[in-house]
Amino acid sequence: ARGTFDDGSLRDYERRWKEDFGKELDIGMKALRMRQRMTPEEIDRLCRALNDPDLIETIVEHGDMDRPGTLIRKLALKPALVRAMGILFASGVRQILTG
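When we follow our numbering, the leftmost residue of the sequence shown carries the number 75, and every step to the right adds one.
What follows is the structure, encoded as structure tokens:
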């Protein structure tokens, strides 16, 4: 019930927000860790690859800092990005999305 802060209500609230945002928080943290492991050369290559009109359109249309999984899924399907970044990058993205 609204305005109720007993243990049961708080437990229910925690369960609901984790169902809604938990997976997205996990995806965002995995993406951050992946980016932190990238070399300056890989970051430069990624930035150059993302400077593509089709990819920019995808980012503008699907980018949402609260739900990064949607954008990552869309970008992972773009052959130009996979081609530019290589198979290791693609497998890292797949790992972010699957577990």
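Cβ atoms here follow ideal geometry from the backbone N, Cα and C, with glycine treated the same way. In this text, all values refer to a predicted model and were calculated from it rather than measured experimentally.
Contact set for residue i: own chain, Cβ-Cβ below 8 angstroms, skip 5 residues either direction
{"i": "residue 142", "result": "98, 101, 102, 105"}
{"i": "residue 150", "result": "156, 164, 167, 168, 171"}
{"i": "residue 138", "result": "144, 145"}
{"i": "residue 147", "result": "171"}
{"i": "residue 136", "result": "144, 145, 148"}
{"i": "residue 122", "result": "158"}
Residue i in three-state terms, based on DSSP
{"i": "residue 160", "result": "coil"}
{"i": "residue 95", "result": "helix"}
{"i": "residue 148", "result": "helix"}
{"i": "residue 132", "result": "helix"}
{"i": "residue 77", "result": "coil"}
{"i": "residue 138", "result": "coil"}
{"i": "residue 143", "result": "helix"}
{"i": "residue 173", "result": "coil"}
Check whether residue i and residue j have beta carbons under 9 angstroms apart
{"i": "residue 159", "j": "residue 116", "result": "yes"}
{"i": "residue 132", "j": "residue 120", "result": "no"}
{"i": "residue 126", "j": "residue 155", "result": "yes"}
{"i": "residue 152", "j": "residue 128", "result": "yes"}
Proximal residues to residue i (C-beta, below 7 angstroms), its chain only, five neighbours per side dropped
{"i": "residue 108", "result": "166, 170"}
Check: residue i C-beta below 8 angstroms from any heavy atom of the ligand MG
{"i": "residue 119", "result": "With respect to the ligand MG, the structure offers nothing, as it holds no ligand at all."}
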